[in-house]
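Chains A and B, in that order, give the protein sequences.
Taking this note's numbering as reference, the numbering of the first sequence is continuous, increasing by one, and the terminal residue is 496.
Taking this note's numbering as reference, the numbering of the second sequence is continuous, increasing by one, and the terminal residue is 496.
Just so you know, even glycine gets a beta-carbon here, dropped at the ideal spot from N, CA and C.
Worksheet for the structure shown next.
2 protein chains.
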Amino acid sequence: MKQYIEKNKDRFFEELFSLMRIPSISAKKDHKPHMLKCAKKLVELLKKAGADQADVYPTSGNPVVFGQKIINPKAKTVMVYGHYDVQPAEPLEKWKSDPFEPEIHDGAIWGRGANDDKGQLFMHLKAFEYLVKTKQLKHNVKFIFEGEEEIGSPSLPAWVKKNKKMLASDVILVSDTTMISEKVPSINCGMRGLAYLEVTVTGPNKDLHSGHYGGAVANPINVLCDMIASLIDKNGKVKVKGFYDDVVNLSKADRAQLARAPFNLNEYKKFLDINEVKGEKGYTTLERTGIRPCLDVCGIWGGYTGEGAKTVLPSTAHAKISMRLVPNQDSATITKLFAQHFKAIAPKYVKVKVEPKEGGNGFLIPITSDAFKAASKAIAEVFGTEPVPSRGGGSIAVLADMQKILGTDPLLMGFGLERDTIHSPNESYLLKQFFGGMESIALFYKYY
Amino acid sequence: MKQYIEKNKDRFFEELFSLMRIPSISAKKDHKPHMLKCAKKLVELLKKAGADQADVYPTSGNPVVFGQKIINPKAKTVMVYGHYDVQPAEPLEKWKSDPFEPEIHDGAIWGRGANDDKGQLFMHLKAFEYLVKTKQLKHNVKFIFEGEEEIGSPSLPAWVKKNKKMLASDVILVSDTTMISEKVPSINCGMRGLAYLEVTVTGPNKDLHSGHYGGAVANPINVLCDMIASLIDKNGKVKVKGFYDDVVNLSKADRAQLARAPFNLNEYKKFLDINEVKGEKGYTTLERTGIRPCLDVCGIWGGYTGEGAKTVLPSTAHAKISMRLVPNQDSATITKLFAQHFKAIAPKYVKVKVEPKEGGNGFLIPITSDAFKAASKAIAEVFGTEPVPSRGGGSIAVLADMQKILGTDPLLMGFGLERDTIHSPNESYLLKQFFGGMESIALFYKYY
Numbered sequence: 049m050k051q052y053i054e055k056n057k058d059r060f061f062e063e064l065f066s067l068m069r070i071p072s073i074s075a076k077k078d079h080k081p082h083m084l085k086c087a088k089k090l091v092e093l094l095k096k097a098g099a100d101q102a103d104v105y106p107t108s109g110n111p112v113v114f115g116q117k118i119i120n121p122k123a124k125t126v127m128v129y130g131h132y133d134v135q136p137a138e139p140l141e142k143w144k145s146d147p148f149e150p151e152i153h154d155g156a157i158w159g160r161g162a163n164d165d166k167g168q169l170f171m172h173l174k175a176f177e178y179l180v181k182t183k184q185l186k187h188n189v190k191f192i193f194e195g196e197e198e199i200g201s202p203s204l205p206a207w208v209k210k211n212k213k214m215l216a217s218d219v220i221l222v223s224d225t226t227m228i229s230e231k232v233p234s235i236n237c238g239m240r241g242l243a244y245l246e247v248t249v250t251g252p253n254k255d256l257h258s259g260h261y262g263g264a265v266a267n268p269i270n271v272l273c274d275m276i277a278s279l280i281d282k283n284g285k286v287k288v289k290g291f292y293d294d295v296v297n298l299s300k301a302d303r304a305q306l307a308r309a310p311f312n313l314n315e316y317k318k319f320l321d322i323n324e325v326k327g328e329k330g331y332t333t334l335e336r337t338g339i340r341p342c343l344d345v346c347g348i349w350g351g352y353t354g355e356g357a358k359t360v361l362p363s364t365a366h367a368k369i370s371m372r373l374v375p376n377q378d379s380a381t382i383t384k385l386f387a388q389h390f391k392a393i394a395p396k397y398v399k400v401k402v403e404p405k406e407g408g409n410g411f412l413i414p415i416t417s418d419a420f421k422a423a424s425k426a427i428a429e430v431f432g433t434e435p436v437p438s439r440g441g442g443s444i445a446v447l448a449d450m451q452k453i454l455g456t457d458p459l460l461m462g463f464g465l466e467r468d469t470i471h472s473p474n475e476s477y478l479l480k481q482f483f484g485g486m487e488s489i490a491l492f493y494k495y496y
Numbered sequence: 049m050k051q052y053i054e055k056n057k058d059r060f061f062e063e064l065f066s067l068m069r070i071p072s073i074s075a076k077k078d079h080k081p082h083m084l085k086c087a088k089k090l091v092e093l094l095k096k097a098g099a100d101q102a103d104v105y106p107t108s109g110n111p112v113v114f115g116q117k118i119i120n121p122k123a124k125t126v127m128v129y130g131h132y133d134v135q136p137a138e139p140l141e142k143w144k145s146d147p148f149e150p151e152i153h154d155g156a157i158w159g160r161g162a163n164d165d166k167g168q169l170f171m172h173l174k175a176f177e178y179l180v181k182t183k184q185l186k187h188n189v190k191f192i193f194e195g196e197e198e199i200g201s202p203s204l205p206a207w208v209k210k211n212k213k214m215l216a217s218d219v220i221l222v223s224d225t226t227m228i229s230e231k232v233p234s235i236n237c238g239m240r241g242l243a244y245l246e247v248t249v250t251g252p253n254k255d256l257h258s259g260h261y262g263g264a265v266a267n268p269i270n271v272l273c274d275m276i277a278s279l280i281d282k283n284g285k286v287k288v289k290g291f292y293d294d295v296v297n298l299s300k301a302d303r304a305q306l307a308r309a310p311f312n313l314n315e316y317k318k319f320l321d322i323n324e325v326k327g328e329k330g331y332t333t334l335e336r337t338g339i340r341p342c343l344d345v346c347g348i349w350g351g352y353t354g355e356g357a358k359t360v361l362p363s364t365a366h367a368k369i370s371m372r373l374v375p376n377q378d379s380a381t382i383t384k385l386f387a388q389h390f391k392a393i394a395p396k397y398v399k400v401k402v403e404p405k406e407g408g409n410g411f412l413i414p415i416t417s418d419a420f421k422a423a424s425k426a427i428a429e430v431f432g433t434e435p436v437p438s439r440g441g442g443s444i445a446v447l448a449d450m451q452k453i454l455g456t457d458p459l460l461m462g463f464g465l466e467r468d469t470i471h472s473p474n475e476s477y478l479l480k481q482f483f484g485g486m487e488s489i490a491l492f493y494k495y496y
């Protein structure tokens with residue numbers, strides 16, 4: 049495939065950029081038209097790459113793109129999952145280039161979606177195109193690209209249920225995760241779930257003069273801070289009642305297996321420019337993100353946040369709170385437990401509103417399957433080292449659902465790196481990983 | 049003066065509105081041109097009202113307006129202090145009318161500055177005009193209007209020092225405070241000071257994917273919440289080391305005197321729509337705002353605050369923290385103590401920046417002076433009840449400085465009411481108070 053890449057590189061970039069230029073931000077309602085535009089562009093690219101059929105399918109939310117090429121009904125069927133929606137680009141002022149005008153420099157593609165997930169799903173299109181054009185394709189291939197992954201895929205499960213037959217396959221191939229490092233390829237064998245809520249604390253019914261009322265009326269920002277501070281104890285344990293009830297504690301042997309993954313704490317701290325890591329007592333950094341759940345405030349706001357010194361005792365304060373869950377923790381249950389807990393700890397001098405925003409379960413992938421072995425062999429051949437099985441800290445909520453509905457295991461062949469800063473300003477994707485990923489995917493089909 | 053008001057009412061409104069339409073927001077740098085425009089408008093209005101001299105004086109910040117009419121060098125001199133700058137209008141979406149397009153309805157003037165302080169300083173212009181036009185003026189009158197009160201008057205003290213002679217006077221008359229209620233007129237005999245800082249907590253050097261890092265890296269929002277929560281203990285005491293060192297504890301007799309002010313806790317809670325008040329243990333609501341210092345978060349922000357559910361572990365979190373101080377607490381000292389304390393409690397996994405933004409000392413006013421007595425008599429005549437001496441919770445930082453530099457006591461004849469929601473959306477000023485204030489001021493000159 050190397051030669052094919054070399055010959056078609058410029059066209060590849062132009063095609064990928066045509067996707068990246070569409071600001072398909074699923075979290076923002078006013079980007080609806082971009083979602084359809086992006087879905088149509090994918091249909092065009094699928095057909096161009098060699099799909100026999102490719103269409104935009106409406107759902108209750110953003111449309112799904114489905115396309116396929118059936119070689120032989122008896123052959124194994126690979127279904128590629130990807131998502132064409134992206135995270136909001138904010139904070140915009142931290143971008144060194146326009147998030148929606150992709151660039152190539154410093155050996156990488158730069159822009160929102162360069163990796164997550166436009167860049168990564170694009171590798172599949174091109175590996176498929178290569179196999180079709182060079183007549184090497186021996187599997188049936190299906191593609192499902194959704195437009196709501198970044199908001200927790202609220203519409204996809206229902207659509208998958210309705211189209212179960214059409215989606216029948218032997219493996220769900222996904223590139224939407226990272227490798228441990230450039231030098232240490234890895235395959236995720238598990239991901240965390242998510243429960244995401246927005247909370248609002250209301251004190252007085254209007255913003256007040258902080259001089260006239262300060263000291264006598266509960267300030268909702270102070271109260272929100274008190275409440276958030278009480279959610280995690282000094283050992284890093286989440287204090288939401290029942291939070292750990294369904295967490296499966298890993299055996300010593302399993303933990304030892306995970307500990308084989310290379311990890312350099314000093315490099316990690318240096319990369320983040322922090323003096324010290326912080327997390328649940330009794331667990332390593334990789335365990336804290338791989339096998340343990342956690343709680344983070346993803347956003348907080350209230351009162352005067354502009355320039356200068358406005359003195360105000362505000363009426364409301366808000367926070368967005370995310371909990372990453374481990375397999376066996378149920379997102380809906382945790383969401384309910386959190387809402388109950390947060391209301392229960394609210395002091396009587398404020399009112400509290402809790403709105404669930406997004407959720408999905410974590411899942412595990414068997415590492416003994418044919419597909420896992422084929423992926424391992426392919427990656428080893430391209431990257432020169434056998435990939436380590438790892439546990440991802442992120443969430444692809446819908447994969448647990450698809451695993452359950454279709455009875456098909458996902459396989460996470462992700463080629464991103466931490467340096468890509470997905471979800472953050474200046475998202476990028478190393479060309480080395482982009483092209484190495486394409487090659488690995490093409491080889492996966494060879495070995496599967 | 050009643051008749052004069054009746055005859056000139058429409059002109060009064062038009063003149064006041066010409067001030068209110070200028071968005072002279074001192075907290076925002078891009079409003080600089082509006083400050084000068086507003087100062088020039090005041091010079092025009094001063095001359096129109098009868099001042100012999102009125103000019104715009106540059107300072108190191110926003111200009112000061114000074115004007116005067118000297119009747120007789122041997123007569124008593126009243127200096128009127130006011131400020132033409134206003135608070136930012138945010139949150140704009142909560143205004144029922146344009147904050148800078150004043151309206152009159154429901155018996156009140158509506159718009160930013162309706163009360164604070166354009167509406168209140170305007171009463172002085174018109175009482176003065178009335179006395180001049182009707183040849184009743186027997187005092188020398190000086191006017192000083194500044195444009196930085198809402199940001200803590202950083203430039204005025206130096207200007208006052210430089211112009212000490214020009215500003216010589218027997219009393220500094222100020223209308224920039226409230227009365228206890230419509231039915232209970234009061235005169236403030238003390239105000240709180242202020243120390244206002246902005247804090248920034250930095251965790252990792254970039255925004256991170258909350259799945260990849262959540263649970264392993266300290267989240268600056270969670271850390272900021274922990275730190276803020278630790279600033280006030282469960283008895284409502286501020287935990288900043290040394291915070292109460294200079295607070296003078298009032299005697300039982302003094303507290304009993306203050307307790308005479310009428311106060312209805314149920315009405316207070318109903319007005320604010322809160323179930324319970326909250327404050328320092330052992331003190332009443334009026335004491336909590338009148339004679340005790342406090343700490344409030346006036347603003348907080350960090351991470352994703354837009355629509356939907358962006359999962360991010362942000363790099364930074366910010367808060368604006370205000371402390372209201374009581375007389376004898378020094379704002380500069382408290383600012384320093386807070387900065388030290390906040391840095392000292394910062395955990396090792398974050399970096400903390402503390403920026404002082406604004407400050408000023410509280411002060412007390414003797415209630416036995418001729419000026420106080422004249423004001424009391426004037427207000428009693430207009431409002432039908434003798435005014436109660438009260439303690440204001442707000443701050444007019446510069447008055448303590450002027451008291452010190454000029455050796456002249458201020459006198460706080462404020463006619464605002466809590467219902468005016470100054471500093472908040474839908475600021476207003478009851479016409480009854482506006483005109484009653486003008487009459488009271490005119491009578492003050494009669495009795496002083």
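For residue 124/A, return the contacting residues in chain B, with the cut-off set at a CB-CB distance below 7 Å.
By Cβ distance, chain B contributes nothing, its closest Cβ being about 31 Å from residue 124/A, past 7 Å.
Compare the C-alpha of residue 121/A against each of 172/A, 162/A, 89/A, 217/A and name the closest.
The candidate whose alpha carbon is nearest that of residue 121/A is 217/A.
Distance cutoff 9 Å, beta carbons only. Does residue 131/B sit that close to anything in chain A?
no
Counting contacts by CB-CB distance shorter than 9 Å, is residue 295/B in contact with chain A?
no
Cβ pair residue 243/B, residue 382/B closer than 9 Å:
Contact flag set, yes.
Quick check on DSSP: helix, strand or coil for residue 404/A?
strand
Under 7 Å from the C-beta of residue 349/A: neighbouring residues of chain B:
Per Cβ cutoff of 7 Å: 348, 349, 353.
Quick check on residue 389/A: buried or exposed, where buried means 16 or more other Cβ atoms within 10 Å of its Cβ?
Looking at its Cβ environment, which holds 16 or more other Cβ atoms inside 10 Å, residue 389/A is buried.
Run through the DSSP bridge pairs and tell me what residue 153/B is partnered with.
156/B
Of all Cβ atoms in chain B, is any one closer than 9 Å to the Cβ of residue 86/A?
no
Beta-carbon within less than 7 Å of residue 495/B's beta-carbon, same chain only, minus the 5 sequence neighbours each way: which residues are those?
422, 425, 426
Distance CB(residue 258/A)-CB(residue 344/B) smaller than 9 Å:
yes
Closer than 7 Å between beta carbons: that is the criterion. Which residues of the stretch 328-342 of chain A meet it against chain B?
From the stretch 328-342 of chain A, only 328, 333, 336, 337, 340, 342 have a Cβ closer than 7 Å to chain B.
Within its chain, find whatever has a CB closer than 8 Å to the CB of residue 308/B; leave out the 5 residues flanking it on each side and keep chain order.
436
Among residues of its own chain, excluding the 5 on either side of residue 471/B, which ones have a beta-carbon nearer than 8 Å to its beta-carbon?
Excluding residues within five positions, the ones whose Cβ falls inside 8 Å are 135, 164.
Would a check of beta-carbon distances place residue 237/A closer than 9 Å to chain B?
no
Of the residues 61/A, 231/A, 85/A, 171/A, which one's Cα is nearest the Cα of residue 432/A?
Among 61/A, 231/A, 85/A, 171/A, the Cα nearest to that of residue 432/A is on 231/A.
Are the CB atoms of residue 410/B and residue 373/B within a distance shorter than 9 Å?
yes
Closer than 7 Å at the beta carbon, the chain A residues around residue 107/B
In chain order: nothing, as chain A lies at least about 17 Å away.
Does the count of Cβ pairs from the stretch 167-179 of chain B and the stretch 69-86 of chain B closer than 8 Å reach three?
no
Buried or exposed: residue 406/A, going by 16 or more other Cβ atoms within 10 Å of its Cβ?
buried
Just to confirm, is the Cβ distance from residue 67/A to residue 89/A under 9 Å?
Yes; because the gap between Cβ atoms is below 9 Å, this pair is in contact.
If you measure from the CB of residue 433/B, is any heavy atom of the ligand SAM nearer than 8 Å?
In the structure shown, the ligand SAM is absent, as is every other ligand, since no ligand is present at all.
When you compare each of 365/A, 349/A, 493/A, 297/A to residue 336/A by their alpha carbons, which one comes out closest?
297/A
Backbone secondary structure at residue 410/A - three-state DSSP:
coil
Please state whether DSSP places residue 49/B in a helix, a strand or coil.
In the structure shown, residue 49/B sits in coil (DSSP, three-state: anything other than H, G, I, E or B).
May I ask you to report which of helix, strand or coil DSSP gives residue 438/B?
The answer is strand: DSSP assigns residue 438/B an E or B state.
Is any beta-carbon of chain B found at less than 9 Å from that of residue 251/A?
Yes, residue 251/A lies at the interface with chain B (some Cβ there is under 9 Å from its Cβ).
Considering only their Cβ atoms, is the gap separating residue 127/B from residue 490/B smaller than 9 Å?
no
For residue 278/B, tell me which candidate among 375/A, 274/A, 65/A, 269/A has the shortest Cα-Cα distance.
Ranking 375/A, 274/A, 65/A, 269/A by Cα distance to residue 278/B puts 274/A first.
Which residues in the same chain as residue 155/A place their Cβ atom closer than 8 Å to its Cβ, once the five residues preceding and following it in sequence are excluded?
478, 479, 480
Please state if the CB of residue 246/B and the CB of residue 357/A are separated by a distance shorter than 9 Å.
yes
Of all Cβ atoms in chain A, is any one closer than 9 Å to the Cβ of residue 398/B?
yes
Given a cut-off of 9 Å, decide if residue 268/A and residue 402/A are closer than it, judged by their beta-carbon atoms.
no
Select from the stretch 369-401 of chain A all residues with a C-beta closer than 9 Å to any C-beta belonging to chain B, and list them in chain order.
370, 371, 372, 395, 396, 397, 398, 399
Please classify residue 207/B: does DSSP put it in a helix, a strand, or coil?
helix
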